[in-house]
Every structure is written in structure tokens, then in C-alpha cells.
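Asks:
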Amino acid sequence: MSLYTLQLLFTYRNLKPLNITPPPLPSLAMKDRPPLSCGGAVYVPPHQRLRSLMTVPSTASIDHQKPNSNNTVKSSYPYLAPPQQQQQQQQQQQQAVRLQHKRSPQFDEISELTPYQGAATSDNAEAWKWKLTALLHNNDKQEVLSREKKDRRDYEQISALASKMGLYSNLYSKVVVVSKFPLPNYRFDLDYKRPQREVILPPGLPRRVDAFLGEYLSRKPRSTDVLSRSSSNGSIATDEGLFEQSEALPQSKGSMKILWQRSKQMQTEQQTWQESPEGRKMLEFRSSLPAYKGKDTILSAISKNQVVIVSGETGCGKTTQIPQFILESEIESVRGAMCSIICTQPRRISVMAVSERVAAERGELLGETVGYKVRLEGVKGRDTHLLFCTTGILLRRLLVDRNLKGITHVIVDEIHERGMNEDFLLIVLKDLLPRRPELRLILMSATLDAELFSSYFDGAPLVRIPVSKLVD
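Heads up: the sequence shown at position 334 corresponds to 334 in the UniProt record's numbering, and the numbers run straight through without jumps.
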């Protein structure tokens with residue numbers, strides 16, 4: 001007798017019903033399955049457990065199996081299915097699981113997402129390769145722009161491809177740019193946050209502007225004694241004063257008289273300084289420099305030739321003394337008011353230092369007869385006749401004044417450095433000389449290979465400052 005039969009007998013004798021929970025039956029009803037994991041685990045659908053309540057009456061039979069009319073044993077447990085039916089239910093359940101997997105959109109995304117992205121990236125790379133190849137073969141086009149989201153997503157691959165092909169790339173907010181030339185870190189034309197405003201002028205404003213311009217142009221030729229628009233007290237000049245052109249004064253008796261009076265005044269001031277104790281002391285120091293001993297030779301060569309090349313070692317005094325030789329000679333000849341000298345230096349620090357030194361040797365404040373001009377900074381007065389500037393400043397003036405009107409002498413220092421600006425300046429000045437026969441060009445070099453520059457200017461005379469005089 002089994003344990004289960006003994007339990008039923010015990011329950012029957014004590015007349016107490018017993019609740020028995022049978023084993024669960026497989027159910028075809030399915031809940032929503034959880035998402036599949038990426039680890040390849042087998043999905044087992046959830047099922048509900050069926051609970052059966054069996055109440056044993058007092059007249060129940062103790063036998064568990066009774067033969068039926070077909071002499072087959074009939075099970076006394078109605079909740080248990082036959083083995084064939086259980087196998088059939090399991091097959092139906094597995095088939096339902098397969099159908100659920102096929103119809104699930106999440107399963108489709110998981111299985112198809114990665115291959116699709118890889119194919120799209122590969123297609124985009126091939127498209128960019130074709131674009132960049134076409135860019136290299138197109139001489140009229142400099143860059144390729146794209147505002148598509150997929151290109152921003154694949155920017156690393158596009159940048160690597162551009163680098164292999166010798167191109168430059170950058171990502172500006174929402175724009176991908178590939179160019180033949182290096183790209184800046186910021187471009188205002190590609191900044192979508194940069195506001196664009198429409199400016200509407202009042203109807204009467206253009207007429208007022210035209211009236212002011214006409215009035216200004218009508219009064220401008222009447223200025224006769226103004227050589228510079230900068231203030232006479234040596235204030236900092238603006239870029240507007242850089243491009244001003246010294247106006248040719250009309251050849252009348254009145255204008256010539258004004259210039260002669262100004263030249264006489266400059267001559268008197270120079271003699272007064274040279275005769276003062278400070279002036280004699282400064283002149284004594286200047287005379288000790290090797291360049292000062294060749295003053296007459298240098299001035300004679302400048303007066304007889306349009307182009308003169310001066311060669312001297314560093315420290316001989318050619319940078320500070322030769323511009324002064326020319327200015328002092330013009331002032332002594334009562335031509336100081338008509339004289340305008342420009343001396344270029346390759347660096348802005350040397351421009352400011354040399355101009356301050358020359359002004360001190362002349363006993364003046366910077367901005368009187370001696371001034372300087374560098375980018376975004378300068379000191380120049382209305383009576384400035386010797387202006388130190390960088391090579392780039394003179395090139396910018398040549399853009400608006402190809403003939404250098406009003407300039408009498410141009411001094412180019414440190415030409416032996418052979419910078420790009422210096423070489424380009426020499427080319428422009430060589431083309432200028434035939435149009436300005438009265439213009440004097442002085443080239444100064446610290447090396448002994450000045451014959452190269454002499455041959456470039458059709459055999460210009462070369463004045464050397466001997467090295468032996470540096471140690472006297």
C-alpha cells in the first residue's frame with residue numbers, strides 16, 4: 001500500500017477533508033515574454049500552475065484503479081493527462097514559441113541592427129572616398145561641406161580617410177568640412193548660432209553721408225601746411241594715418257615760402273642742439289662709431305646714385321647713424337621740410353627701440369621729427385620726417401600708394417636676413433625706381449655678400465664699413 005493511500009485512509013477515518021495540490025499541467029496560454037539576452041540563452045515561456053481541490057466524501061471508495069468495460073485500467077486522478085496528450089501539448093507549446101519569436105519586432109531589431117549599421121557605414125565611407133577623389137581632381141573647388149547627421153556620426157572615419165588622401169578636415173558644430181588647405185578652429189560662416197540681423201538705414205541717411213563726403217573732398221585740397229593728420233604732440237597714430245599720402249604742395253610762391261620758413265626753423269633748432277653741452281656730448285659719442293667715420297662717403301654716394309648698398313658688421317652704428325646722416329644733411333641744406341625718410345626693420349621690437357634711440361640722440365621727444373609705426377601702434381607727429389616701421393607696414397602702404405608720393409628716401413635695413421617680406425619689398429621697389437627717379441633707395445646689410453644685391457639693382461655702388469675700425 002502506497003503512502004498516498006494511507007493518507008486517504010487516515011483522512012477518511014478522521015472524517016476531515018484534505019486539500020491536495022496536484023502537479024501543474026502545461027498551459028498553452030503565454031504571457032509577454034521578456035526580451036532575449038545577448039548571451040544566447042534558451043527562452044522558456046512562463047506557465048501557470050493549476051490548483052485542484054479534492055474533497056473526499058465519507059462513502060468514497062478506497063480502490064484507486066477500477067477496470068472499465070474494455071478491461072483497461074482507468075486512472076483515479078482526473079487531473080493527470082495521458083502520456084500521449086502530454087507529449088502533444090509539449091509540441092504545441094514549442095511551436096507557439098517559434099511563432100512568437102518570428103513575429104517579435106524586438107527579435108528582428110536585435111538580429112538585424114548590427115549588420116545594417118555596418119553596411120550603412122561602409123556605404124558612407126565609399127561615398128566620401130568618391131567625393132574626396134573628385135575634390136582632388138577639381139582645381140576650382142577647395143572644400144566639401146556636409147550637414148547630414150550620418151556624416152557627423154562617421155566623422156572619425158571621414159577624417160582618417162581625408163588624412164590618408166592629404167586633405168584637412170574639421171567638424172564645426174553641425175557641419176563636416178574637408179578642405180585642400182588647413183582649416184581654422186572656428187568659422188563664423190558655419191556657426192548656426194551666430195545671429196544674422198538685417199540693418200535698415202533711414203531714408204535720409206545716404207543723402208546726408210554723400211553731402212558730408214562732398215564737403216570733405218571740397219575742403220581737402222586747400223590744406224597747404226599739413227604733412228600728417230596725426231597730432232603734433234606725438235599721440236598714437238591709427239591705421240588711417242598709415243595710408244595717408246603726403247600731398248604734393250602746389251608750386252606757388254606762397255607754398256614755397258612756407259616750406260622755406262619751416263626748413264629754416266628746423267635748421268636753427270638742429271644747430272642749437274648741436275651747440276648745447278648735451279648735444280656736444282652726444283656728438284662726441286656718435287663720432288666714436290665706425291659708421292660716423294664714413295659719413296661723407298655715404299652721403300656722397302647717396303647724392304650721386306639712386307640705389308646705394310651699405311655693408312657693415314653688427315654694432316658699427318649703421319642702423320642709428322645713416323638715417324640721421326640723411327636727415328641732418330637735408331636740414332643743413334634748408335630742405336628739411338621737403339624731406340621724408342622711411343626706414344624699415346624686420347621686427348617691431350627693433351623699430352621701437354631704434355626710433356627711441358635716434359630721438360634721444362637728436363635731443364627730441366619721440367613723435368617730433370622722429371617717429372615709428374608698427375601694427376596697431378605708432379607714434380607720429382605732423383612734423384615727423386624720419387619714420388621707422390616694419391617691412392609689412394611699408395608693403396601695406398605700397399598697396400594704396402604705388403608711387404610713394406612725398407617720400408624722398410627709403411632705407412631697408414637687415415636685408416641679409418632674406419625674409420619673405422624683405423624679398424618681396426625689393427621686387428616692388430625695383431619696379432618703382434623708374435617711375436620715381438628722384439627717390440633714393442639705401443639697402444643696409446650686416447654681411448659681406450652684398451654683391452648679390454648690387455647685381456640685382458644693376459650694379460649699384462657698394463659702400464663698406466671696414467671691420468678694423470670697429471676695434472679702434
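Backbone N, C-alpha and C fix where the C-beta goes; we use that ideal spot for every residue, glycine too.
(1) Which residue marks the beginning of the alpha helix (DSSP H) containing F388, and which one marks its end?
(2) According to DSSP, is Q345 helix, strand or coil?
(3) Which of the three DSSP states, helix, strand or coil, is assigned to R375?
(4) State yes or no: is the C-beta of L439 within less than 8 Å of the C-beta of I393?
(5) Out of Q270, L190, R375, which has the shortest C-alpha to C-alpha gap to I349?
(6) For the 8 Å Cβ check, are there 3 or more pairs between the segment 298-313 and the segment 430-445?
(7) Within a Cβ cutoff of 6 Å, which residues of the same chain sit near N70, ignoring the five residues on either side of it in sequence?
(8) Looking only at C-alpha atoms, which of R418, S455, L395, E451 sits nearest to L429?
(9) Would you identify the three-state DSSP class for N200, choosing helix, strand or coil?
(10) Check for me: the beta strand (DSSP E) holding S445 runs from which residue to which?
(11) Which residue or residues does DSSP assign as beta-bridge partners of R397?
(12) Does the separation of the CB atoms of M266 and G336 fall below 8 Å?
(13) Considering only the beta carbon of each residue, do C316 and L299 sit closer than 8 Å?
(14) Quick check on L217: does DSSP put it in helix, strand or coil?
(15) Taking the straight line between their C-alpha atoms, what separation do you get for T133 and L398?
(16) Starting from the C-beta of R147, find all residues in its chain whose C-beta is less than 7 Å away, skip the five residues before and the five after it, and write them out in chain order.
(17) To the nearest angstrom, how far is the alpha carbon of L205 from that of E198?
(18) I believe T320 touches V370 by the beta-carbon criterion, under 8 Å. Please report the beta-carbon distance rounded to the nearest angstrom.
(19) To the nearest angstrom, how far is the alpha carbon of L201 from that of L135?
(20) Please work out which residues of its chain come closer than 7 Å, Cβ to Cβ, to A127, disregarding the five sequence neighbours upstream and downstream, and give them in chain order.
(21) What three-state label does DSSP hand T403 in the structure shown?
(22) Can you give the beta carbon distance from Y168 to F181, rounded, assuming they're within the 8 Å contact cut?
(23) I need the DSSP call for Y192, collapsed to helix, strand or coil.
(24) Can you tell me where the alpha helix (DSSP H) holding L171 begins and where it ends?
(25) Here's a check: name, in chain order, each residue in its chain whose Cβ is nearer than 7 Å to the Cβ of L161, leaving out the five neighbours to either side.
(26) By DSSP's criteria, R464 is part of a beta bridge. Which residues make up the other side?
(27) Apart from the five residues on each side of it in sequence, which residues of its chain come closer than 8 Å, Cβ to Cβ, to R436?
(28) For my contact list, G363 and W260 are in at a C-beta cut-off of 8 Å; report their separation, rounded to the angstrom.
(29) Confirm, please, whether the CB-CB distance from P323 to I341 is below 8 Å.
(30) By DSSP, does V354 sit in helix, in strand, or in coil?
(31) Where does the unbroken alpha helix (DSSP H) through E156 begin, and where does it stop?
(32) What residue range is occupied by the uninterrupted beta strand (DSSP E) comprising I411?
(33) Is residue 521 buried or exposed, if buried means 16 or more other CB atoms sit within 10 Å of its CB?
(34) Could you tell me the distance, in whole angstroms, from the CA atom of L171 to the CA atom of Y186?
(35) So who's on the other strand from L145, going by DSSP bridges?
Replies: Let me lay it out:
(1) If you look at F388, you'll find it isn't in any alpha helix (DSSP H); it sits in the beta strand (DSSP E) that goes 386-390.
(2) In the displayed model, Q345 falls within a strand according to three-state DSSP.
(3) In the three-state reduction of the DSSP assignment, R375 falls in the coil class.
(4) It is not a contact, given that the beta carbons lie outside the stated cut-off.
(5) That would be R375, whose Cα lies nearest to the Cα of I349.
(6) Taking 8 Å as the limit for Cβ pairs, the verdict is that the segment 430-445 does touch the segment 298-313.
(7) Unreliable positioning characterises N70 in this predicted model, as indicated by a pLDDT of 47, which lies under 50. A coordinate reading is not provided.
(8) Distance check between L429 and each of R418, S455, L395, E451 places L395 closest, using alpha-carbon atoms only.
(9) The sequence as given places Ile at residue 200; Asn does not occur at that position. For I200, the secondary structure class from DSSP, reduced to helix, strand or coil, is coil.
(10) That run of the beta strand (DSSP E) goes 440-445.
(11) Beta-bridge annotation (DSSP): R397 is not paired with any residue.
(12) Yes, they are a contact pair.
(13) Taking 8 Å as the Cβ cut-off, C316 and L299 do not qualify as a contacting pair.
(14) Correct three-state label for L217: helix.
(15) Each residue's Cα considered, the two are about 41 Å apart.
(16) If we look at R147 and ignore the five residues flanking it on each side, its Cβ neighbours are K174, V175.
(17) Near 16 Å, if we compare the C-alpha coordinates of E198 and L205.
(18) Wrong, their Cβ atoms sit about 11 Å apart, outside the cutoff.
(19) Those two C-alpha atoms are separated by around 42 Å.
(20) Excluding sequence positions up to five before and after A127, its CB lies less than 7 Å from no other CB in the same chain.
(21) One point to set straight first is that residue 403 is Asn, not Thr, in the sequence displayed. Of the three classes helix, strand and coil, the one that applies to N403 here is coil, per DSSP.
(22) Rounded, the Cβ-Cβ distance is 7 Å, consistent with contact.
(23) Y192 sits in coil when the DSSP states are folded into three classes, being neither helix nor strand.
(24) Bounds of any alpha helix (DSSP H) do not take in L171; it lies within the beta strand (DSSP E) bounded by 168-172.
(25) Within the same chain, L161 has close Cβ partners A125, W128, K129, L132.
(26) S311, per the DSSP bridge assignment.
(27) If we look at R436 and ignore the five residues flanking it on each side, its Cβ neighbours are N403, L404.
(28) About 24 Å separates the two Cβ atoms, so there is no contact after all.
(29) Judged by their CB atoms, I341 and P323 are nearer to each other than the 8 Å cut-off.
(30) Note: V354 maps to helix in three-state DSSP.
(31) Element bounds for E156: 155-164.
(32) Per DSSP, I411 belongs to the beta strand (DSSP E) from 409-412.
(33) As displayed, the chain neither begins before 1 nor continues past 472, which places residue 521 out of reach and without an answer.
(34) In a straight line, the C-alpha of L171 is about 10 Å away from that of Y186.
(35) Answer is V177.
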